[in-house]
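Anchor point for the sequence shown: position 401 equals 401 in UniProt numbering, and the numbering is continuous, going up by one each time. Glycine included, each C-beta is placed from N, C-alpha and C at the ideal position.
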Amino acid sequence: MDFAQALAGVDEHPWARTSHAYGSAEDLPAVLHALAGPDEEAAREAVTELYGSVLHQGTVYAASAEIAPFLARLAAAGCRAADLLALLGGMAGSRDVHGVPPEAVRSAVAAQLPLILPLLAAPDAEVRQAAAWAASHTGAAGAVLPELRARRTHEQVPVVRAELLGALSRLDPAGTVPAAREVLATPRDQPGPVVVAAAFAWLDAGLPWGDAQQTALVGLLPLGPHFAGRLDLDRHEPLNAVAEALLLRDTEQDRAAAGSLLAAALADPRPEVREEALWAADHACRLSRTAAPRILPALLSVLPGAAPKEAARALSLLERLGEAAAQATDVLAALAAREPAGAVPSPSAAAPAGTGPADSGTGRVDAAPDDQDEIAEHALAALVRVAPDRAAPLLARRLRGRPLDAAGGYFADEERPVPFEPGLLAAVRGRLREAAAAPAVPAVPLAAQVARSGKAQGPQAAELCRIVRMWGAQGLPALAELLAVLPRTTHAAAAAIGAVAPAGAPEERAAAAAALREVAGGSLAAAQALYELTGDSRPLTQYVAARLTGQPQDVAEAAAAAASLGRAGAGLAPAMRAALSGPGAKETTPVLDADTALARALWLADGDADTAVRVLDSVLARALSMRWAQWQVVRAARAAALLGPAGRPLVPRLLRLLEIPEAAPDAVLALTAVAEPGSLDTAALADRALDAAEHGLNALEACDALLAVGPAALDPVRRGRLAALAERDLRVVDHGVETVIVRADERLRARARTVLAALTTGQPPAA
Numbered sequence: 001m002d003f004a005q006a007l008a009g010v011d012e013h014p015w016a017r018t019s020h021a022y023g024s025a026e027d028l029p030a031v032l033h034a035l036a037g038p039d040e041e042a043a044r045e046a047v048t049e050l051y052g053s054v055l056h057q058g059t060v061y062a063a064s065a066e067i068a069p070f071l072a073r074l075a076a077a078g079c080r081a082a083d084l085l086a087l088l089g090g091m092a093g094s095r096d097v098h099g100v101p102p103e104a105v106r107s108a109v110a111a112q113l114p115l116i117l118p119l120l121a122a123p124d125a126e127v128r129q130a131a132a133w134a135a136s137h138t139g140a141a142g143a144v145l146p147e148l149r150a151r152r153t154h155e156q157v158p159v160v161r162a163e164l165l166g167a168l169s170r171l172d173p174a175g176t177v178p179a180a181r182e183v184l185a186t187p188r189d190q191p192g193p194v195v196v197a198a199a200f201a202w203l204d205a206g207l208p209w210g211d212a213q214q215t216a217l218v219g220l221l222p223l224g225p226h227f228a229g230r231l232d233l234d235r236h237e238p239l240n241a242v243a244e245a246l247l248l249r250d251t252e253q254d255r256a257a258a259g260s261l262l263a264a265a266l267a268d269p270r271p272e273v274r275e276e277a278l279w280a281a282d283h284a285c286r287l288s289r290t291a292a293p294r295i296l297p298a299l300l301s302v303l304p305g306a307a308p309k310e311a312a313r314a315l316s317l318l319e320r321l322g323e324a325a326a327q328a329t330d331v332l333a334a335l336a337a338r339e340p341a342g343a344v345p346s347p348s349a350a351a352p353a354g355t356g357p358a359d360s361g362t363g364r365v366d367a368a369p370d371d372q373d374e375i376a377e378h379a380l381a382a383l384v385r386v387a388p389d390r391a392a393p394l395l396a397r398r399l400r401g402r403p404l405d406a407a408g409g410y411f412a413d414e415e416r417p418v419p420f421e422p423g424l425l426a427a428v429r430g431r432l433r434e435a436a437a438a439p440a441v442p443a444v445p446l447a448a449q450v451a452r453s454g455k456a457q458g459p460q461a462a463e464l465c466r467i468v469r470m471w472g473a474q475g476l477p478a479l480a481e482l483l484a485v486l487p488r489t490t491h492a493a494a495a496a497i498g499a500v501a502p503a504g505a506p507e508e509r510a511a512a513a514a515a516l517r518e519v520a521g522g523s524l525a526a527a528q529a530l531y532e533l534t535g536d537s538r539p540l541t542q543y544v545a546a547r548l549t550g551q552p553q554d555v556a557e558a559a560a561a562a563a564s565l566g567r568a569g570a571g572l573a574p575a576m577r578a579a580l581s582g583p584g585a586k587e588t589t590p591v592l593d594a595d596t597a598l599a600r601a602l603w604l605a606d607g608d609a610d611t612a613v614r615v616l617d618s619v620l621a622r623a624l625s626m627r628w629a630q631w632q633v634v635r636a637a638r639a640a641a642l643l644g645p646a647g648r649p650l651v652p653r654l655l656r657l658l659e660i661p662e663a664a665p666d667a668v669l670a671l672t673a674v675a676e677p678g679s680l681d682t683a684a685l686a687d688r689a690l691d692a693a694e695h696g697l698n699a700l701e702a703c704d705a706l707l708a709v710g711p712a713a714l715d716p717v718r719r720g721r722l723a724a725l726a727e728r729d730l731r732v733v734d735h736g737v738e739t740v741i742v743r744a745d746e747r748l749r750a751r752a753r754t755v756l757a758a759l760t761t762g763q764p765p766a767a
């Protein structure tokens, strides 16, 4: 078959009637012609384009099924056969379908087996490998297994042998066990890729993981080079994949095996092995609650002497673990206590005994930090997350860059802040004075600074202000410095002033009010702080009124500020009603958010239940018809809960939200607040809340929802499910912002325990 025969009928095919990731598939004939054309660069680009359109990020479409025959014919004709077979295998193996029946694409590829199977004997090893990959993903065991077994008896190339073993395991896990056992029994006599494939086949068969399997893999470390060239991208980090598979079995034996494997890799003297192990350990700790205590001893034993790159990865892991890495406290404190490079104490530098000179801005001289200084800074940032009480005195000497961002940055842990410490207060005040005196420069986000230079630049005034704010009244001595930076760091400084000034003397409160008033016209934070400090709502109402005529995002912000005024915001009600979207408004999520915020504010301002119900009903109706509006639904449900019995007309809409996992906890809270007493199936509500929590979706809110439905709804089975949220090994919260996953899961554990105790004893949980 030549290329022209392979593409016979491609131009006549009704591509315009089908679709791929980017819409109409009418562009595919041109892509296929480029693929088969003489221009090598155009052919490579065509392969990339096909991955983007018919296997877009793992999703397949109607066009994926229709293009399969042409791809298989081209491969059989020798046109980029390895690339196209790999693509066909990915398409057949996808379970993420869009606009096509679940098995349609797999069946379309399976229909091409008469063209694919002969390529198991192709002269090119890459083609043989890709043919095994593609054939095994069709699921057609009867047709494929005999061919794979026959090929395996002749194949000599290690990576192809490994792919064949993986293909056999995919189709027949139990039947592949004898081959895997034979390989694992004599791992030194087998090529590394084959041993790794046998280990995965063993795992896929669900067999107990024992010393033979562990010894085989430890002897091959690092595993990455032995998986190079394999087509299974889900396992392209094989040590990580093995540990994950063991942890997901969720048995004590397998957890111990995963921990032992990772600990052995972390303790290996070779840097390349430890580098691979650190990535795997990081993932294991985000997956399993007991992974950290199993692997930290090995990690901590090598950390003090680690090279900078390796130390950075290890410290990043400890930083993400936070309080779950408490056993690392002493090692981190020792690393962080190194004297800052070039630090020269001045006679006036204030610092606690034994902590060294304070980084006061004027009390030290900075030199470019060497590698060890960078490690010390990173260790201090990790210590801030792990043991903030131990970090506080050390932070006074390194109040910059990553440690300062950990203590006062966007992701600072406000539930476990760095505690007040006199030396740290002195250092913060010095850095704030430095910030006030520095020339004004355009604001550059910390992430952008780090991307450019590898470390944060400048005084980081916003982070300093956040530290003071978290101290509350204890930060009052820094009021003068906060007032000095207010014009250039308005939002963060205003919030800090609002937190510390109420504890001041009358003249201090007056000075704070005067400074806030000067900037309140252009700063919501300043206007709110002024209102909370003095009770003067005029600047805040003026700010809100000016923004109620803006874009939806401005309207939502203004409405939220109006809500904070409560009844004092009643004068804004006409402007808020005018800001509600009308019949011609765009159906966008910002518009829905703005309407929800306005409904909430109107209810709090003047008790207008009719408008609030009407608007929230409209928001829910619109959001339920939109594909990506689940969080708008959540916000509307939260607003509905505030209405209490006045929101009873919303019950039918709220009941529909129970089928949206992200929204179910808030729907339960809203229903228990607004529905007629005794009208709800509380057991069903508890189930929906637990379903959401078990998938890490609004899990804290799900705990609150269980409290709301009450103990009568929790039979022993449901109590067991709630207990598992706290006590099971696999993390419930396992997705989201990487730096806060573990922290969020640990908070959920504590909340679930509290709620379970309250529902068991009948006593409300402590605030």
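{"Asked": "DSSP three-state assignment for GLY710, whether helix, strand or coil", "Found": "coil"}
{"Asked": "Exposure of GLU701, with buried meaning 16 or more beta-carbon neighbours within 10 Å", "Found": "buried"}
{"Asked": "Three-way DSSP call (helix, strand, coil) for THR59 in this model", "Found": "strand"}
{"Asked": "ALA559 beta carbon less than 8 Å from that of MET576", "Found": "yes"}
{"Asked": "Given 8 Å, three or more beta-carbon pairs between the segment 634–642 and the segment 653–664", "Found": "yes"}
{"Asked": "Residues near LYS455 in its chain [Cβ-Cβ closer than 6 Å; skip 5 each side]", "Found": "Residue confidence is low: LYS455 scores 41 on pLDDT, short of 50, so the model does not pin down where it sits. Its coordinate-derived value is still stated next. Taken in chain order, the residues that qualify are GLY401."}
{"Asked": "Collapsed DSSP secondary structure at ASP96 in the structure displayed", "Found": "strand"}
{"Asked": "Reference LEU203; option with closest CA among ARG188, PRO191, GLY166", "Found": "GLY166"}
{"Asked": "ALA412, enclosing alpha helix (DSSP H) - first and last residue", "Found": "First-last for ALA412: undefined, no H or E at that position."}
{"Asked": "Whether ALA693 touches ALA684 by CB criterion (8 Å)", "Found": "no"}
{"Asked": "Contacts around MET470, its chain only, beta-carbon distance under 7 Å, and the 5 residues preceding and following it disregarded", "Found": "GLU414, PRO417"}
{"Asked": "Candidates ALA387, VAL485, ALA379, of which the one nearest GLU339 by Cα", "Found": "ALA379"}
{"Asked": "Pick from ALA336, ALA81, PRO114 that is closest to ALA125, judged by C-alpha positions", "Found": "ALA81"}
{"Asked": "ARG235 vs THR290 beta-carbon contact at 8 Å", "Found": "no"}
{"Asked": "Any alpha helix (DSSP H) of 4 or more consecutive residues that is wholly inside the segment 28–58", "Found": "28–36, 40–54"}
{"Asked": "Reference HIS56, options GLU66, SER679, THR534, VAL97, closest by Cα", "Found": "VAL97"}
{"Asked": "Residue from GLU557, LEU239, LEU624, LEU296 whose Cα sits closest to the Cα of residue 791", "Found": "Within the shown structure, residues of the chain are numbered from 1 to 767, placing residue 791 beyond reach of any answer."}
{"Asked": "Three-state class that DSSP yields for SER625 in the structure shown", "Found": "coil"}
{"Asked": "Inter-residue Cα distance where the pair is LEU50 and LEU217", "Found": "36 Å"}
{"Asked": "Exposure of THR48, with buried meaning 16 or more beta-carbon neighbours within 10 Å", "Found": "exposed"}
{"Asked": "6 Å CB neighbourhood of ALA387 in its chain, flanking five on each side removed", "Found": "THR329"}
{"Asked": "Bridge-paired residues (DSSP) for HIS20", "Found": "GLY23"}
{"Asked": "Cβ pair ALA77, ALA6 closer than 8 Å", "Found": "yes"}
{"Asked": "Cβ-Cβ distance between LEU321 and ALA292 below 8 Å", "Found": "yes"}
{"Asked": "Nearest to GLY229 (by Cα), restricted to the options PRO269, VAL160, ARG249", "Found": "VAL160"}
{"Asked": "Opposing strand residues paired with LEU730 [DSSP bridges]", "Found": "SER288"}
{"Asked": "Distance between GLN112 and ALA72 (C-alpha atoms, nearest Å)", "Found": "6 Å"}
{"Asked": "Beta-carbon separation (whole angstroms), ILE497 vs LEU483, contact threshold 8 Å", "Found": "7 Å"}
{"Asked": "Beta-carbon contacts of VAL619 that lie in its chain and below 6 Å, excluding the five residues immediately before and after", "Found": "LEU592, ASP595, THR596, ALA636"}
{"Asked": "Residues of its chain near GLN372, where Cβ-Cβ distance is below 7 Å and the 5 sequence neighbours each way are ignored", "Found": "ARG338"}
{"Asked": "Proximal residues to PRO304 (C-beta, below 8 Å), its chain only, five neighbours per side dropped", "Found": "VAL331, ALA334, LEU335"}
{"Asked": "Per-residue DSSP class, three states only, for ASP2", "Found": "coil"}
{"Asked": "Short Cβ contact (8 Å threshold) for LEU317 with ASP282", "Found": "yes"}
{"Asked": "4 or more residues per run - each alpha helix (DSSP H) lying fully within the segment 92–145", "Found": "104–110, 113–116, 125–137"}
{"Asked": "Three-state secondary structure (DSSP) of GLN551", "Found": "coil"}
{"Asked": "Terminal residues of the alpha helix (DSSP H) in which ALA205 lies", "Found": "Per DSSP, ALA205 belongs to no alpha helix (DSSP H) and is neither H nor E."}
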